[in-house]
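The next block holds one structure in the form of structure tokens; read it before the comments.
Numbering (UniProt numbering), first residue to last: 1 to 564.
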């Protein structure tokens, strides 16, 4: 017997084709992408900084001959041999390299911030896989340009090396770069992950990314040790190949997580009030306003007679400040080069100077086995994880949100401890520096927990009835990607670049003092964040003329017993 028929059912029955197991969207499809793409990134993390340092050293020490150990080499050989000691110890070279690195990072981040929101909306309409493919294509072209600059006998490299290098962040930023790739991966996971599990899923995949970030420097060190000249070009060739394989895998093999009906349905942001032309007073700021347009998903909201809710906005500001503190990582390589004379072949296993590899390895263990273990053996998960109340099978959205908030606060607190430990540590102690820096690995859950908290709070508001519809996932993660581009790749690098170039000769630890202050400010804001309960303002009564909804009447009743 057939069930009830509504006016929305089709007149003719439609045959449903069951998808095969290999064509269904599943988190396992993103595992190869996370591993291979992060490995490609890890291969050239230190090599990119070393290319910039070589170009700066070549520009400043071109006329003279410099000494590298027992070898007398000229500036023409700087592209073929390891960087001489003078390039590590000369504050002018380090300051110049910091400025160039800041310029490249800001250029890439600025373009990524301008395009991240648009790529997020594009993923809502055209699919997640196409957006990830576009971001990977930009990374392929950027690595190819770095490979070209690293060539030994490039004719115009001496005079135009820096200008050619600028093309890499331009191409990388126009296609969204890593912020768009990570945001789209999170959107893909949120499409196929039930509520309450997003924080665990995001953390697992961030742990997979750190596998590549940890193995990449080790592979790069092994390749550099096989050659006397320590040529960096093979590293960029290999990185380009890995990005290209990831691009083809996503474009051809990975199934789309969005259904055709979801991609064709217009989002709530598309059917709102049409955009009005800007007044002449705001016309000069039109590009900047367009850059910030995706952040509208994080604006304060009002629900009926309730006052505006700034919780989501405070979370976004805290996330932005914390992302600025993450810009320390790029300058940390320059700090290690200047203080400890590390190069791309020493910043990895199997050396004792294993800063990124040890840090990333600890983050892998923390994110995959500690934070996300199903038996909850990790101490912080055991303490903070929510449990169903007695008589209930599920956990309330408010308690899930409180768990994510506790996890974010704990992770940021560990970052604050790490930066403070580096500031207080002896300057020449390499072991103390490595141990203090590795402490940040325990705080590596901050970024995925921020994403899960923002998504969970939007769903919490929807469940509470404080907003009519849930925000489009792509637009929401596009706003987070815009914040990541602005904070981690624009404003953050500018701050750390200026501080590094100004303090590298007198107080190199100034960058860690700045990171300590930013992380502390982010922690204070998250401590002020509370998921509010649904409280109706006094005097906000329901309109008697409006149609009555389901449930009990909202009109207060006098329950005082009559007096005799």
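A virtual CB, placed ideally from N, CA and C, is assigned to each residue, including glycine.
Quiz prompt | Distance, residue 432 Cα to residue 116 Cα | solution = Reading the chain shown from its first residue, position 116 is the one you call residue 116. Reading the chain shown from its first residue, position 432 is the one you call residue 432. Computed Cα separation, rounded: 38 Å.
Quiz prompt | Range covered by the alpha helix (DSSP H) that runs through residue 494 | solution = Mapped onto the chain shown, residue 494 falls at position 494. Segment 492 to 503, the alpha helix (DSSP H) holding residue 494.
Quiz item: If we ignore side chains and look at the alpha-carbon of each, how far apart do residue 301 and residue 476 end up?
Solution: As a first step, residue 301 must be located in the chain shown, where it is residue number 301. As a first step, residue 476 must be located in the chain shown, where it is residue number 476. The straight-line gap from Cα to Cα measures roughly 14 Å.
Practice problem: On a CA-only basis, which of 333, 293 and 38 is nearest residue 247? Give me that one, please. | Solution: Here residue 247 is taken as the residue at index 247 of the chain shown, counted from 1. Considering only alpha carbons, the answer is 38.
Practice problem: Identify every residue that forms a DSSP beta bridge with residue 301. | Solution: One-based indexing of the chain shown puts residue 301 at position 301. In the DSSP output, where bridge partners are listed per residue, residue 301 has 309.
Quiz item: Which stretch, first to last residue, makes up the alpha helix (DSSP H) that contains residue 178?
Solution: Walking along the chain shown from the start, residue 178 turns up at place 178. Per DSSP, residue 178 belongs to the alpha helix (DSSP H) from 177 to 192.
Self-check item: Cα-Cα separation between residue 52 and residue 528, rounded to whole angstroms
Solution: Translated into positions along the chain shown, residue 52 becomes position 52. Translated into positions along the chain shown, residue 528 becomes position 528. Going by the C-alpha atoms only, they are around 41 Å apart.
Quiz item: Do residue 150 and residue 236 have their C-beta atoms closer together than 8 Å?
Solution: As a first step, residue 150 must be located in the chain shown, where it is residue number 150. As a first step, residue 236 must be located in the chain shown, where it is residue number 236. Going by C-beta atoms, residue 150 is nearer than 8 Å to residue 236.
Quiz prompt | Cβ neighbour criterion (16 or more within 10 Å) applied to residue 320 | solution = Stepping through the chain shown from its first residue, residue 320 is reached at position 320. By the neighbour-count rule (16 or more Cβ atoms within 10 Å), residue 320 is buried.
Quiz item: Does the beta-carbon of residue 569 have 16 or more other beta-carbons within 10 angstroms, so that it is buried, or is it exposed?
Solution: Outside the modelled stretch of the chain, which goes from 1 to 564, sits residue 569, for which no answer is possible.
Quiz item: Would residue 105 pass as a contact of residue 135 if the rule is Cβ separation under 8 Å?
Solution: Residue mapping note: residue 105 aligns to position 105 of the chain shown, counting from 1. Residue mapping note: residue 135 aligns to position 135 of the chain shown, counting from 1. Taking 8 Å as the Cβ cut-off, residue 105 and residue 135 do not qualify as a contacting pair.
Practice problem: Mind reading off the beta-carbon distance from residue 185 to residue 30? Whole number of angstroms is fine, and I expect it under 8 Å. | Solution: The residue you call residue 185 lines up with position 185 of the chain shown. The residue you call residue 30 lines up with position 30 of the chain shown. That pair is a contact at about 6 Å.
Quiz prompt | 7 Å Cβ shell around residue 482 - same chain, five flanking residues per side excluded | solution = For this step, residue 482 is matched to residue 482 along the chain shown. Contacts found: 113, 116, 117, 294 and 295.
Self-check item: Where the alpha helix (DSSP H) containing residue 525 begins and where it ends
Solution: If you number the chain shown from 1, residue 525 lands on position 525. Counting along the chain, the alpha helix (DSSP H) containing residue 525 begins and ends at 510 to 527.
Quiz prompt | Of the residues 32, 217 and 458, the one placed nearest residue 46, counting alpha carbons only | solution = Locating residue 46 in the chain shown gives position 46, where the first residue counts as 1. Checked all of 32, 217 and 458; the closest Cα to residue 46 is 217.
Quiz item: Should the region 404 to 419 be called in touch with the region 447 to 460, which here means at least 3 C-beta pairs below 8 Å?
Solution: yes
Exercise. Count the CB pairs spanning the region 483 to 491 and the region 316 to 334 that are closer than 8 Å, and state whether there are at least three.
Key: yes
Quiz item: Mapping DSSP to helix, strand and coil, what is residue 422?
Solution: Taking the chain shown and counting its residues from 1, one reaches residue 422 at position 422. Helix at residue 422.
Exercise. Buried or exposed for residue 502, please, with buried defined as at least 16 other CB atoms from any protein chain shown within 10 angstroms of its CB.
Key: Locating residue 502 in the chain shown gives position 502, counting from the first residue. Flag for residue 502 reads exposed.
Quiz item: If you count every other CB in all the chains shown that lies within 10 Å of the CB of residue 625, and 16 or more means buried, which is it?
Solution: Residue 625 is absent from the structure shown; the chain starts at 1 and stops at 564.
Practice problem: Indicate whether residue 128 and residue 258 have their beta-carbon atoms separated by less than 8 Å. | Solution: Stepping through the chain shown from its first residue, residue 128 is reached at position 128. Stepping through the chain shown from its first residue, residue 258 is reached at position 258. Against a cut-off of 8 Å, the Cβ pair of residue 258 and residue 128 comes out as a contact.
Practice problem: Can you give me the Cβ contacts of residue 511 inside the same chain, cut-off strictly under 7 Å, excluding the 5 residues immediately before and after it? | Solution: The sequence position of residue 511 within the chain shown is 511, counting from 1. Hits under 7 Å: 328, 331, 335, 496, 499 and 500.
Quiz item: Does the Cβ of residue 338 have 16 or more other Cβ atoms within 10 Å, making it buried, or fewer, making it exposed?
Solution: Counted from its first residue, the chain shown places residue 338 at position 338. Counting Cβ neighbours within 10 Å, residue 338 comes out buried, since at least 16 surround it.
Quiz item: Per DSSP, what kind of secondary structure is residue 11 in: helix, strand or coil?
Solution: Translated into positions along the chain shown, residue 11 becomes position 11. Low confidence applies to residue 11: its pLDDT is 48, below 50, so where it sits in the model is not reliable, and the reading given next is rough at best. Coil at residue 11, not helix or strand.
Quiz item: When we look at the beta-carbon of residue 419 and count the other beta-carbons within 10 Å, is it buried (16 or more) or exposed?
Solution: Mapped onto the chain shown, residue 419 falls at position 419. Classification of residue 419: buried, given that the 10 Å Cβ count is 16 or more.
Practice problem: In the DSSP assignment, find the unbroken alpha helix (DSSP H) run with residue 58 in it and report its ends. | Solution: As a working note, residue 58 is residue 58 in the chain shown. Residues 45 to 60.
Quiz prompt | Closest Cα partner of residue 251 within the set 132, 170, 201 and 187 | solution = For the purposes of this step, residue 251 is taken as residue 251 along the chain shown, with counting starting at 1. Minimum Cα distance to residue 251 is reached at 132.
Quiz prompt | Proximity winner among 221, 231, 137 and 214, relative to residue 241 (alpha-carbon distances) | solution = As a position in the chain shown, residue 241 is number 241, starting the count at 1. The option with the nearest alpha carbon to residue 241 is 137.
Quiz item: Does the distance from the CB of residue 91 to the CB of residue 201 come in under 8 Å?
Solution: On the chain shown, position 91 is the one that residue 91 refers to. On the chain shown, position 201 is the one that residue 201 refers to. Contact flag unset, no.
Exercise. Compare the Cα-Cα distances from residue 245 to each of 119, 100 and 139 and report the closest residue.
Key: Position 245 of the chain shown holds residue 245. Nearest C-alpha to residue 245: 139.
Quiz item: Is residue 426 buried or exposed, if buried means 16 or more other CB atoms sit within 10 Å of its CB?
Solution: On the chain shown, residue 426 is found 426 positions in, with the first residue counted as 1. Exposed, by the Cβ-count rule.
Quiz item: Is it true that the CB of residue 143 sits closer than 8 Å to the CB of residue 637?
Solution: Because residue 637 is not part of the residues shown, which for the chain are 1 to 564, the question remains open.
Quiz item: What did DSSP end up calling residue 24 once you bin it into helix, strand or coil?
Solution: Reading the chain shown from its first residue, position 24 is the one you call residue 24. Three-state DSSP puts residue 24 in coil, outside helix and strand.
Quiz item: Just reading off the alpha helix (DSSP H) that residue 101 is part of, what are its end residues?
Solution: Position 101 of the chain shown, counted from the first residue, corresponds to residue 101. Where residue 101 is concerned, the enclosing alpha helix (DSSP H) stretches over 91 to 126.
Quiz item: For residue 509 versus residue 422, is the C-beta distance shorter than 8 Å?
Solution: Residue numbering aside, residue 509 sits at position 509 when the chain shown is read from its first letter. Residue numbering aside, residue 422 sits at position 422 when the chain shown is read from its first letter. Yes. Within cutoff.
Quiz item: So, are the CB atoms of residue 517 and residue 121 less than 8 Å apart?
Solution: In the chain shown, the residue the question calls residue 517 occupies position 517. In the chain shown, the residue the question calls residue 121 occupies position 121. No, the pair does not count as a contact, with Cβ atoms beyond the cut-off.
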